[in-house]
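Novice: Just passing along the structure, written as structure tokens.
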Amino acid sequence: MRGWKNAGVPRRNWSLRHTLAALVAFAVLGVPAAAQTTLPACGAATLPTVASVDGAVALNIYHGELLGNEVVADIGHIVNSAPLLRAVGADNAAAAHTAVSTIVYTGRWHIVRLRVLDTAGRVLADVGGPAVIAPVTGALKVAGRVIGSYVMSVQDDVGFTKLELHAVGNPIAIYYNGARVAQEGGRLPASAPPGPTLMLHGVAYAVLTQTFRAFPSGTLTSVILVPPPNVTLATQPCIAVRAAEIGRVAEHLAARFHPLDASYANFAKTVRADTGATVILRIGARPIAGSQGIGPPVIPDSGVVAYEGHSWWVFSFAPTPPARIYLLISAPAIPATG
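See the structure below:
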């Protein structure tokens, strides 16, 4: 399970269903006049653009639960457990259960569920929570010989919804076999919403549906509710809309680091892992510890900048003056403003 002081995208597998009712505002990114004349307004693509950012963040969080550093470490705990290998090699279910329980309940590790099987696929032990996401599978070997297999996860459904809420802030629920098993940010229906929109607290949300792997097999459905963006965003280029939403996510994440100015490196890694943006941290023109590179000599507070032979759209904010956080988002080839 990823914490806020450490943080990594599988292939996209989600469908967007949306409405343009506008009740909840997003922060609007200032757009330079040169870019306005070069790129068309986002228009009807505004809400899909916002939702694509939110969906990508959720997918990146899921990806971290499959391939993050903690996952790699926990796999090592499993495949190198001598008691577990002895039990599986002897086909001893009681000993396997003891070994699996020890691994799952070791406090300094975070394995929420572990199942081990013999070479015939018979379950020898299965310990952990009932509603679990992002299973990882592998072989158990002794001297290179396969003696069984495991299914492991470091995250449950409730934990995943909390990570999404902390990063994106949108209401979310997870459904398994048609029933809601976890939710955060609001009371979603007991069954997955069938339509493209859902009214919650008087707001017409777009329904963003994603499919993830359930433990030990099969799939579950994640439903994220995307609030309607401010109508003024539709007049901006889609890259500006995308940058504004990535910036909103970064600002939301910044509030999770206490104190932020002592956690810049971990904050930058988390924003990079969740959004793909490059995070440049500066006081004036000087990069500070935690910055992901030196950055261009001059960075505008917003708009377009050229850096390393590429165009980037900039979103910036200053939650801990005099430092300023710049997010560089890959952009189409458009004129720079600096």
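In the numbering used here, the protein residues as written are 4 to 341. Glycine residues also receive a C-beta, built at the ideal position from the N, C-alpha and C atoms. Nothing here was measured: the structure is a model prediction, and the numbers come from that model.
Curious, which full-length beta strand (DSSP E) runs of at least 3 residues does the segment 201-249 contain?
Specialist: Taking only runs of at least 3 residues, the beta strand (DSSP E) segments lying wholly in the segment 201-249 are 206-216 and 222-229.
Novice: In the DSSP assignment, the alpha helix (DSSP H) including T101 goes from what residue to what residue?
Specialist: By one-based count along the sequence shown, residue 101 stands at place 98. Taken as a continuous stretch (DSSP letters only), the alpha helix (DSSP H) holding T101 covers A96 to V107.
Novice: What are the boundary residues of the beta strand (DSSP E) that includes S294?
Specialist: Residue mapping note: residue 294 aligns to position 291 of the sequence shown, counting from 1. Element bounds for S294: n/a, residue is neither H nor E.
Novice: Do the segment 255-264 and the segment 329-336 meet, that is, are 3 or more Cβ pairs less than 8 Å apart?
Specialist: They do not touch, by the three-pair rule.
Novice: Going by C-alpha distance, which of A209, A193 and L168 is nearest T200?
Specialist: To locate residue 200, count along the sequence shown from 1; it is residue 197. If we check each option's Cα against that of T200, A209 comes out closest.
Novice: Do you know whose CA, among V307, C241 and P290, lies nearest L50's CA?
Specialist: Sequence index remark: in the sequence shown, residue 50 carries index 47 (1-based). Among V307, C241 and P290, the Cα nearest to that of L50 belongs to C241.
Novice: So S55 is in the beta strand (DSSP E); what residue range does that whole segment cover?
Specialist: Start at 1 with the first residue of the sequence shown, and residue 55 comes out as number 52. Segment T49 to L70 is the alpha helix (DSSP H) holding S55; no beta strand (DSSP E) there.
Novice: Have a look at A146, A54, A185 and A76 and flag the residue whose alpha-carbon is nearest the alpha-carbon of R251.
Specialist: Residue numbering aside, residue 251 sits at position 248 when the sequence shown is read from its first letter. Minimum Cα distance to R251 is reached at A54.
Novice: From the DSSP output, in three-state form, read off I302 for me.
Specialist: Counted from its first residue, the sequence shown places residue 302 at position 299. If DSSP states are grouped into helix, strand and coil, I302 belongs with coil.
Novice: Give the range of the beta strand (DSSP E) segment to which H313 is assigned.
Specialist: Looking up residue 313 in the sequence shown gives position 310. Its beta strand (DSSP E) spans residues H313 to F320.
Novice: Please classify Y1 as buried or exposed, where buried requires at least 16 neighbouring CB atoms within 10 angstroms.
Specialist: A question about residue 1 goes unanswered here, because the residues of the chain that appear run from 4 up to 341.
Novice: Output the boundary residues of the beta strand (DSSP E) element that contains A185.
Specialist: Numbered from its first residue, the sequence shown carries residue 185 at position 182. Unbroken beta strand (DSSP E) run through A185: A182 to E187.
Novice: Which runs of the alpha helix (DSSP H) at least 4 residues long sit entirely within the segment 259-297? Give them in chain order.
Specialist: Those alpha helix (DSSP H) runs which fall completely within the segment 259-297 and span 4+ residues are 267-278.
Novice: To the nearest angstrom, how far is the alpha carbon of V91 from that of R148?
Specialist: For the purposes of this step, residue 91 is taken as residue 88 along the sequence shown, with counting starting at 1. For the purposes of this step, residue 148 is taken as residue 145 along the sequence shown, with counting starting at 1. If you take the alpha carbons of V91 and R148, they lie about 12 Å apart.
Novice: Report all residues from its chain with a CB closer than 8 Å to the CB of V56; omit the five preceding and five following residues, and keep chain order.
Specialist: Numbered from its first residue, the sequence shown carries residue 56 at position 53. Counting only Cβ-Cβ distances below 8 Å, and skipping sequence neighbours, we find R245, E248, I249, V252 and T278.
Novice: Which two residues bound the contiguous beta strand (DSSP E) that contains V154?
Specialist: Mapped onto the sequence shown, residue 154 falls at position 151. V154 -> beta strand (DSSP E) spans R148 to S156.
Novice: How far does the beta strand (DSSP E) with A176 in it reach, from first residue to last?
Specialist: Here residue 176 refers to the residue found at position 173 of the sequence shown. It spans I175 to Y179 - the beta strand (DSSP E) in which A176 sits, taken as one unbroken run.
Novice: CA-CA distance, D77 and G181?
Specialist: On the sequence shown, position 74 is the one that residue 77 refers to. On the sequence shown, position 178 is the one that residue 181 refers to. For D77 and G181, the distance between alpha carbons rounds to 31 Å.
Novice: With DSSP as the reference, please indicate the residues paired to R3 in a beta bridge.
Specialist: No information on residue 3 is available, as it lies outside the stretch 4 to 341 that the chain covers here.
Novice: Go ahead and pull the three-state DSSP assignment for G352.
Specialist: Any property of residue 352 remains undetermined from this structure, which presents the chain solely from 4 to 341.
Novice: Use the C-beta contact count for R285: other C-beta atoms within 10 angstroms, 16 or more gives buried, fewer gives exposed.
Specialist: By one-based count along the sequence shown, residue 285 stands at place 282. Its Cβ being crowded by 16 or more others within 10 Å, R285 is buried.
Novice: Roughly how many angstroms separate the alpha carbons of A146 and P290, rounded to a whole number?
Specialist: Here residue 146 is taken as the residue at index 143 of the sequence shown, counted from 1. Here residue 290 is taken as the residue at index 287 of the sequence shown, counted from 1. The straight-line gap from Cα to Cα measures roughly 50 Å.
Novice: Just curious, the alpha helix (DSSP H) that A85 is in, first and last residue?
Specialist: In the sequence shown, residue 85 corresponds to position 82, counting from 1. First-last of the alpha helix (DSSP H) with A85: A85 to G92.
Novice: Give the DSSP-derived three-state secondary structure of Y329 in the structure shown.
Specialist: In the sequence shown, residue 329 corresponds to position 326, counting from 1. In the structure shown, Y329 sits in a strand (DSSP, three-state: E or B).
Novice: According to DSSP, is A309 helix, strand or coil?
Specialist: Translated into positions along the sequence shown, residue 309 becomes position 306. Strand, per DSSP.
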